[in-house]
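Q: Sequential numbering from 1344 applies to the sequence shown in our numbering.
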Amino acid sequence: MVDFGGWDMPVNYGSQIEEHHAVRSAAGLFDVSHMCVLDLRGARTREFLRSLLANDVARLTRPGKALYSCMLREDAGIIDDLIVYFLDPAWFRMVVNAGTRDKDIAWIRAHGSEFGVEVQERRELAMIAVQGPQARVHLASLLAPADAAAALELGAFYGARLGAWFVARTGYTGEDGFEIMVPAADASGLWQRLNALGVRSCGLGARDTLRLEAGMNLYGSDMDESTQPLESGLAWTVALEPTGRQFIGRKALETIRSAGGGQTAIGLLLSDRAVMRSHQRVATTAGDGMVTSGTFSPTLARSIALARVPAAAAIAGGTVQVEVRGKLLDARVVRPPFVRAGRVLVELDGSAAAAR
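1. Flag this pair as touching only if the region 1581–1596 and the region 1566–1573 have three or more C-beta atom pairs under 8 Å; answer yes or no.
2. Please name the residue or residues paired with Gln-1664 in a DSSP beta bridge.
3. Terminal residues of the continuous beta strand (DSSP E) containing Leu-1415?
4. If I measure Cβ to Cβ from His-1481 and keep anything under 7 Å in the same chain, skipping five residues before and after, which residues do I get?
5. Let me make sure I understand the geometry here. Which of Arg-1651, Val-1667, Val-1682, Arg-1600 has the alpha-carbon closest to that of Asp-1418?
6. Excluding sequence positions up to five away, which residues of its chain have a Cβ less than 7 Å from the Cβ of His-1364?
7. Which residue comes first and which comes last in the beta strand (DSSP E) that contains Val-1652?
8. DSSP three-state label for Thr-1642, please.
9. Using a Cβ-Cβ cutoff of less than 7 Å, which residues in the same chain neighbour Ala-1493 once the five nearest sequence positions on both sides are dropped?
10. So Gly-1637 packs on Val-1618, CB below 8 Å; how close in whole Å?
11. If you run the structure through DSSP and keep just helix, strand and coil, what is Arg-1597?
12. From the DSSP secondary-structure annotation, give me the bridge partner or partners of Pro-1680.
13. Look at Leu-1547 and Val-1354 and say whether their C-beta atoms are less than 9 Å apart.
14. If we ignore side chains and look at the alpha-carbon of each, how far apart do Ala-1397 and Thr-1586 end up?
15. Which of the three DSSP states is assigned to His-1363 in this structure?
16. Could you tell me which residues DSSP pairs with Trp-1350 in its beta bridges?
17. Beta-carbon separation of Ile-1591 and Met-1414 under 9 Å?
18. Does the beta-carbon distance from Gly-1442 to Gly-1576 come in below 9 Å?
19. Would you mind reading off the limits of the alpha helix (DSSP H) that contains Phe-1391?
20. Taking Arg-1620 as the reference, which of Thr-1628, Gly-1669, Ala-1654 has the closest Cα?
21. For the region 1506–1525 against the region 1603–1613, do three or more pairs of beta-carbon atoms, one drawn from each stretch, fall closer than 8 Å, so that the two count as touching?
22. Among Leu-1403, Val-1400, Pro-1406, Leu-1425, which has the Cα closest to the Cα of Leu-1381?
23. Would you mind listing the beta strand (DSSP E) stretches within the region 1494–1520 that are 3+ residues and don't spill past its ends, in chain order?
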């Protein structure tokens, strides 16, 4: 058990490698109750979120639809990355990170007050993620027939209220599955029932290797207030159209984009029997960069990493050098993700392979 954003969290329940493979091949479950659930209510909530977030909630037109976005400072530094759900015109639900909870709530309330938006933290809710190719079927087997059908019909990045539960087809592993917000009193029973179906308990260790294989950023490692989305592999989350939408950080992002150059995020694949880790130096012909997240990939059986390097060095298929324990080792530049939906998406020794 380790401290994680003020919560005691399990690194693993048994074998971290076996937990990882269980999610890729079958199903695993994670306690993600440390994530902070906020309900934002008020007639002007959509208008407020269009000014608060870099992505545009105007895209959310159907109840339950979710959007991933960054919340930025005026200088475009990333305060947090989050998911927001459209529930009805006066009600949006937001899920933010545990480690940024206090500053997020303060920021949202400070800027939401002029829009008359009420912010309610839902501390009475627990959150369980069930992930893997068999995850949705396992959860559905525990639901009443009508709720099971509704859950299985959910499209990707949609959520639905099923009685006292909120079931969303989202996740942080690169596999299909659900994230379920339930009353805290229901959480342990749900966990045990899923275990009884063969769904494996998984800890922080497997969650990190899975998300890194899936090319997903971790706040505090791959991005923070000192970085902005365009250099963090998150340009796709910034909606600059329509041009009339003035969100916090927009002017700074437009200035950065116009200037060009700078740094950008890449993926790295190491052939040597070593492991890349955060903060290691990345040497390129265009200057030095840094590994932001690195690990041993159980699926690929080699080390992978996300890194931030000078934009001129971000050429897929090219080679850079990573300083590991005082030695410069060759690493190939690849385009993340490394693995999604059980399939290897990068070339290994010249050819792509299936993970299962």
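Every residue gets a Cβ at the ideal spot worked out from N, C-alpha and C, and that includes glycine.
A: On the basis of the supplied data:
1. yes
2. Ala-1626, Asp-1673
3. Per DSSP, Leu-1415 belongs to the beta strand (DSSP E) from 1409–1415.
4. Ala-1370, Val-1473, Leu-1537, Leu-1540, Val-1542
5. Arg-1600
6. Pro-1641
7. 1645–1653
8. coil
9. Ala-1503, Leu-1505
10. 7 Å
11. According to the sequence as given, residue 1597 is Glu; it is not Arg. Helix, per DSSP.
12. None; Pro-1680 has no bridge partner.
13. yes
14. 12 Å
15. helix
16. DSSP lists Phe-1347 as partners of Trp-1350.
17. Taking C-beta atoms as the reference points, Ile-1591 and Met-1414 count as a pair closer than 9 Å.
18. The answer is no: Cβ separation not under 9 Å.
19. 1388–1395
20. In this structure, Gly-1669 is the residue among Thr-1628, Gly-1669, Ala-1654 with its C-alpha nearest to the C-alpha of Arg-1620.
21. Result no; under three Cβ-Cβ pairs closer than 8 Å.
22. Leu-1425
23. 1502–1505, 1508–1511
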